[in-house]
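Participant:
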Amino acid sequence: MAISLKGSVKKKSAAEDQPIITIYGVPKIGKSSLAAEFPRPVFIQTAAGESVPAGIVADTIEVRSYNDLCEAIGALVNEEHNYATAIFDSTTGLENLIRAEACARNGWKTIEEPGYGKGYKIAATIFLEYIDGIMTLRSHRQMAVVQLGHCDISRFESPTTDPYSRYRVNLHKDAADIIEANSDVIAFLNFKASIKKVDAGFNKQLTHAEGGGTRWMFLEERPGFIAGNRFSMPAEMQFKKGEGYAALAKYLPAPLAEAA
């Protein structure tokens with residue numbers, strides 16, 4: 014096909030696309046509760062231990078293999094439904110399914126078997142297949158996608174400063190790179206803490222952290238954590254249970270049915 018500027022250039026706004034959002038954070042801060050606030054959600058549960066928040070009834074699809082995952086995404090793409098948000102809970106379970114698929118395709122007993130990190134590189138190519146699937150959910154069905162992740166503290170070898178630690182999605186680096194690169198919003202959830210120094214006598218001081226139960230969404234990267242967005246959101250937002258999506262929705266495209 015020949016491409017010419019006259020017939021091929023189209024105007025398009027980024028806000029036309031529903032977002033792909035990664036929400037991760039410290040344990041029990043309310044990641045699943047926040048996701049359940051999104052419009053007309055369906056949870057795709059990728060591990061037996063994952064569950065919807067207490068007191069919430071949500072439609073769920075349990076997937077226990079990579080084939081199950083592909084079939085679930087295919088059903089959401091091809092079948093009639095009224096869901097507006099697909100929630101993948103969690104990225105840790107998703108990574109385990111993809112590692113198992115990499116082993117099955119190559120006859121390995123474990124992802125470490127091929128050595129030299131080769132297993133993780135192969136798993137990353139399967140992660141890209143998953144990314145193609147959620148991109149199809151967005152483009153063909155105008156569904157938002159939310160990915161829920163646990164966090165880990167990793168060492169960052171900065172080329173411009175001394176190495177330091179920061180929070181990141183608890184995945185192998187190759188998988189985390191893919192998830193982050195293909196997310197329109199990366200929200201890190203945490204509580205704020207302040208450090209207090211107490212005089213312990215004998216010219217010694219003890220330090221301890223203090224903070225309340227206020228929950229915060231961090232939406233711009235800082236040295237201590239990975240975050241970011243392409244919707245001109247503030248760097249951080251305080252949120253309460255039941256009000257988290259409303260805070261984000263001010264900056265997000267409206268779900269298709271609501272925009273009509």
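Residue numbering for the sequence shown follows our numbering, starting at 14 and increasing by one per position.
Glycine is no exception: its CB is placed at the ideal position from the N, C-alpha and C atoms.
Computed from a predicted structure; not experimentally measured.
#1: Using alpha carbons as the reference points, say which of Leu47, Ile42, Pro268, Thr98 lies closest to isoleucine 283.
#2: Closer than 7 Å by C-beta to methionine 246: which residues in its own chain qualify, once you throw out the five before and the five after it? Chain order, please.
#3: Please state whether DSSP places methionine 148 in a helix, a strand or coil.
#4: As a quick exercise: from Phe140, Gly128, Arg118, pick the residue whose alpha carbon is nearest that of glycine 106.
#5: For serine 305, which of Thr174, Lys41, Arg179 has the nearest alpha-carbon?
#6: Which class does leucine 261 belong to by DSSP, given the choice of helix, strand or coil?
#7: Identify which residue in Ile124, Gly62, Ile199 has its Cα closest to the Cα of glutamate 249.
#8: Tell me, to the nearest whole angstrom, how far the beta carbon of proline 268 is from that of proline 32; I am working on the premise that it is less than 8 Å.
#9: Within this structure, are the beta carbons of glycine 255 and glutamate 29 separated by less than 9 Å?
#10: Report buried or exposed for lysine 253, applying the criterion of at least 16 other Cβ atoms within 10 angstroms of its Cβ.
#11: The alpha helix (DSSP H) that contains leucine 107, what's its start and end?
Facilitator: According to the data block:
#1: Because the chain spans 14 through 273 in this model, residue 283 falls outside it and cannot be assessed.
#2: Correct list, in chain order: Leu232, Tyr264.
#3: Residue state, collapsed to three classes: helix.
#4: The shortest C-alpha separation from glycine 106 is found at Phe140.
#5: Nothing about residue 305 can be reported from this structure: the residues present for the chain run from 14 to 273 only.
#6: Judged by DSSP in its simplified three-state form, leucine 261 adopts helix.
#7: Taking glutamate 249 as reference, the option from Ile124, Gly62, Ile199 with the minimal CA-CA separation is Ile199.
#8: Not really, about 11 Å apart at Cβ, beyond 8 Å.
#9: Here glycine 255 is not near glutamate 29, since their CB atoms are 9 Å or more apart.
#10: Lysine 253 should be labelled exposed.
#11: Looking at the DSSP string, the run of the alpha helix (DSSP H) that includes leucine 107 is 104 to 119.
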